[in-house]
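Respectively, the protein sequence lines represent chains P and C. Note that our numbering has the first sequence beginning at 1, numbered continuously upward. Note that our numbering has the second sequence beginning at 182, numbered continuously upward. C-beta atoms are modelled at their ideal positions from N, C-alpha and C, and glycine is treated no differently.
2 protein chains.
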Amino acid sequence: MKYCNQCGAPVELRIPPGDHLPRHICSRCGTIHYENPRVVVGCVPEHEGRILICKRAIEPRRGFWTIPAGFWENSETLQEGAARESQEEALAAVEIGSLLIVASVLHAQQVHIFFRAKLPKAEFGAGPESLEVKLVRPEEIPWDDIAFPSTDYALRRYLEDRTAGREDHHFTTFDRRLPRS
Amino acid sequence: MKYCNQCGAPVELRIPPGDHLPRHICSRCGTIHYENPRVVVGCVPEHEGRILICKRAIEPRRGFWTIPAGFWENSETLQEGAARESQEEALAAVEIGSLLIVASVLHAQQVHIFFRAKLPKAEFGAGPESLEVKLVRPEEIPWDDIAFPSTDYALRRYLEDRTAGREDHHFTTFDRRLPRS
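Okay, structure coming up:
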């Protein structure tokens, strides 16, 4: 951030009085611009024992496999956001179920909140952000070509819980931040 | 948002190609400025059966009671953020426990994620954003002077679960958006 989005003047990075983190502060109007982590919502859609996965058509991790997920938008619940992403990325009308994982992804300044989901009909396809979408049995999941640690974590917890006949939720943290020089 | 924070030129509000929502787009450099909901993290701290509550010293809802909570910051897990807010608002060193509630607050463009917590020692005080901080028994909770719907929801679910001897998590949605004219 270089300029104030309220008045257009340059911003400077400093800790406001009473705060504990540096913020971008406008040199003219004094507006403090807070930057907060973003929420990624998604789901593991299941249809008759098989899982719906998507091959990414966009960076980061183009060509790798993921579950339907994306940035949570204003004016929707987390569950509505997760269902919307399935529609956009996999052209799939899912029914969102229980909470599966909450992952703090520190290097991306994100939290990933993924749910279980049902895909009532085997109807799906590749949306603009996907190269390919398919239903896979657990033994067909391409573990070596999974896009993100949270995808891998969500799929493993999903399958473990399903085998055990439970629907727990799981917390974890991923931190691939580089050490400060 | 009126100006691009990358180049300082005016922004215009329109739907980018392939998108579904209007975004602020720079008229000069073309940067698309996404605005996403923010995460509020907090907890219900308990010490020997009593709950720690804070009277707000700041708007909105100055003078009303809440639990320690605030905006989740970059570079911390949700649990670390919840503990930090207890330290800042109530000078209280808490141990964060299980997930209590996840509330989509559509009119504020926020999600509130609150945890159970233990306050091992009855040591606390009013931080700069609090007028008063105190431990209360369930029958002493000032239900008519609670700051936010999510505070009320979290306290009620906490007490119900405690009485029932369980630690569930609960989803809800609050929507006080005004109808579009």
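Relative to the C-alpha of residue i, which candidate in the options has its C-alpha closest?
i: I248 of chain C; options: C:E254, C:L272, C:H288; result: C:L272
i: Q290 of chain C; options: C:N217, C:Y184, C:G244, C:P319; result: C:N217
i: V192 of chain C; options: C:E269, C:H214, C:H201; result: C:H214
i: K299 of chain C; options: C:E257, C:G251, C:Q268; result: C:Q268
i: T173 of chain P; options: P:I141, P:T31, P:V111; result: P:V111
i: E89 of chain P; options: P:L99, P:I101, P:A57; result: P:A57
i: P120 of chain P; options: P:F171, P:G18, P:A93; result: P:A93
i: E266 of chain C; options: C:E310, C:I282, C:L359, C:F352; result: C:E310
i: H351 of chain C; options: P:L159, P:L99, P:R166, P:S150; result: P:L99
i: A250 of chain C; options: C:G211, C:R357, C:S331; result: C:S331
i: P60 of chain P; options: P:R50, P:F148, P:S104, P:R177; result: P:F148
Work out the CA separation of residue j and residue i for me, nearest whole Å.
i: P226 of chain C; j: A154 of chain P; result: 29 Å
i: S362 of chain C; j: L287 of chain C; result: At S362 of chain C the pLDDT is 48, less than 50, meaning the model places this residue with poor confidence; the figure from the coordinates comes in the next sentence. Cα-Cα distance, rounded: 18 Å.
i: F71 of chain P; j: N5 of chain P; result: 22 Å
i: P16 of chain P; j: R23 of chain P; result: 7 Å
i: L78 of chain P; j: V41 of chain P; result: 6 Å
i: A190 of chain C; j: H20 of chain P; result: 31 Å
i: G308 of chain C; j: A164 of chain P; result: 46 Å
i: W365 of chain C; j: D333 of chain C; result: One cannot answer for residue 365 of chain C here, as it falls past the ends of chain C, which runs 182 to 362.
i: I113 of chain P; j: I234 of chain C; result: 28 Å
i: G306 of chain C; j: L316 of chain C; result: 10 Å
i: K183 of chain C; j: E76 of chain P; result: 24 Å
i: E320 of chain C; j: R157 of chain P; result: 40 Å
i: R137 of chain P; j: A83 of chain P; result: 22 Å
i: E229 of chain C; j: D349 of chain C; result: 20 Å
Can you pull the chain C neighbours of residue i, defined as C-beta to C-beta under 7 Å?
i: L106 of chain P; result: S256
i: E35 of chain P; result: N255
i: G18 of chain P; result: P309
i: T173 of chain P; result: T258
At a CB-CB cut-off below 7 Å, which residues of chain P make contact with residue i?
i: V292 of chain C; result: V39, L78
i: H351 of chain C; result: Correct list: empty, because the minimum Cβ distance to chain P is about 10 Å.
i: F409 of chain C; result: The question about residue 409 of chain C has no answer, for chain C in this structure spans 182 to 362.
i: L202 of chain C; result: E73
With residue i and residue j assumed to form a contact (beta carbons below 8 Å), what rounded beta-carbon distance in angstroms separates them?
i: C7 of chain P; j: C26 of chain P; result: 6 Å
i: I277 of chain C; j: F296 of chain C; result: 5 Å
i: E73 of chain P; j: G63 of chain P; result: No, E73 of chain P and G63 of chain P are not in contact; Cβ-Cβ is about 26 Å, not under 8 Å.
i: E313 of chain C; j: K236 of chain C; result: 4 Å
i: V39 of chain P; j: V220 of chain C; result: 6 Å
Interface residues of chain C around residue i at Cβ under 9 Å?
i: G8 of chain P; result: K183, Y184, C185, G189, A190, P191
Residue i versus chain P: which residues are under 9 Å apart at the beta carbon?
i: V283 of chain C; result: L78, L99, V102, I113
Run through chain P and tell me which residues come within less than 8 Å of residue i, C-beta to C-beta.
i: L312 of chain C; result: Ordered by position in chain P, no residue passes the 8 Å Cβ test against L312 of chain C, which lies about 16 Å from the chain.
Q: Let me know the beta strand (DSSP E) ranges lying completely inside the segment 55-140 of chain P, each 3 residues or longer, listed in chain order.
A: 69-71, 95-105, 110-118, 130-136
Q. Mind pulling the beta strand (DSSP E) runs of 3 or more residues that sit fully within the segment 10-40 of chain P?
A. 11-14, 23-26
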